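Residue numbering for the sequence shown follows full-length UniProt numbering, starting at 1 and increasing by one per position. Backbone N, C-alpha and C fix where the C-beta goes; we use that ideal spot for every residue, glycine too. The structure displayed is predicted, hence computed values, not measured ones. A short write-up of the structure that comes next.
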Amino acid sequence: MVKLAARAFYDDVTTKGDNQPKTGRGDNRGIAVVVLDALTRRQWVREEDLAKELKLHSKQLRRILRLFEEEKLVTRDHRRETAKGAKIYSAAVAATADTQTGGKEGEEKIKLHTHSYCCLDYAQIYDVVRYRMHRMKKKIKDELEDKNTVQEYVCPGCGKRYNALDALRLVSLEDEYFHCERCNGELVAESDKLAAQDVGDGDDNARRRRREKLKDMLQKM
């Protein structure tokens, strides 16, 4: 289920550009799918080790993991450990023992470093995927029942346009609206009536084909 969800909802995620992941076409498109696939084969894994195995920069991986954490797909834990990987309580025990014995002059101090671990949160993933599927089904049904079916969505910020099928995967979990994959602006719907003014009367067949695709998609879901 995780692998299918990754390809359905996160195939276009890229870390290119800003500090936060966004969707779009870029050189690292598909990186989110790779990360999710890798996590299905592991339980808790140190993020540094995962980055090395996937040959990703650690900052690149952290951006993707922050996105997944926000969308409740991944659980992360940050621990203070020694450089050799000992847990903090082991270091505390050693420090206490040094204090009790008075310590030795010039003795090397134990240095603690913060290491981050991550794993898939399967219980949350099930709920998130089911919710997104529910929202997609509802939007498809609304379109099929609406006589003035939405033909296109346009971003008022950057002007990028999407057809109704493409827009379905851009629904946000935060506000349930469609958001542009380029600038994250909220998309505005354009009805068939408005679209017809631009393309003329010859779009009936295209509209009919699109409705058939929507019906087929709804049946498969």
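**Message:** Give me, in chain order, the residues of the same chain whose beta-carbon lies closer than 7 Å to that of Thr-40; leave out the 5 immediate sequence neighbours on both sides.
**Reply:** Val-2, Lys-3, Leu-120
Taking the alpha-carbon positions, what's the Met-133 to Val-45 distance?
29 Å
- Continuous beta strand (DSSP E) stretch holding Asp-77: start and end: 74 to 82
- Query: First and last residue of the alpha helix (DSSP H) that includes Arg-63?
  - Reply: 58 to 70
*asked:* For a test of the three-state rule: what should DSSP assign to Gly-26, helix, strand or coil?
replied: Note that Gly-26 scores 47 on pLDDT, short of 50, meaning its location in the model is unreliable; the coordinates nonetheless yield the value given after this. Gly-26: coil per DSSP, three-state reduction.
*Classify Cys-158 as buried or exposed, calling it buried when 16 or more other Cβ atoms lie within 10 Å of its own Cβ.*
exposed
* Spatial neighbours of Ala-86 in its chain, beta-carbon cut-off 6 Å, leaving aside the 5 residues before and after -> Residue confidence is low: Ala-86 scores 45 on pLDDT, short of 50, so the model does not pin down where it sits. Its coordinate-derived value is still stated next. No residues qualify anywhere along the chain.
- Is it the case that the Cβ atoms of Ala-38 and Val-13 are separated by a distance below 8 Å? no
ask   = Under a three-way DSSP split, which group does Ala-91 fall into?
value = Here Ala-91 scores only 47 on pLDDT, less than 50, and its place in the model should not be relied on; the value that follows carries that caveat. Note: Ala-91 maps to helix in three-state DSSP.
*asked:* Going by the DSSP bridge assignment, what does Glu-152 pair with across the sheet?
replied: Asn-163, Glu-190
DSSP three-state call for Tyr-177: helix, strand or coil?
coil
- [ ] Return the CA-CA distance between His-113 and Glu-190, expressed in angstroms with no decimal places.
- [x] 53 Å
request  = For Arg-29, I'd like the list of residues in its chain whose CB is within less than 8 Å of its CB, leaving aside the five on either flank, ordered along the chain.
outcome  = Asp-11, Asp-12, Val-13, Thr-14
### Query
Given Arg-42, which residues of its chain have a CB within under 8 Å of its CB, disregarding the five upstream and five downstream residues?
Leu-50, Cys-119
Simplified DSSP state of Arg-182, which is helix, strand or coil: coil
Worksheet item: So is Thr-23 buried or exposed if we call it buried at 16+ other beta carbons inside 10 Å?
Response: Caution is warranted here: a pLDDT of 47 is assigned to Thr-23, below 50, making its placement in the model unreliable, and the coordinate value is therefore given only provisionally. Buried: at least 16 other Cβ atoms inside 10 Å.
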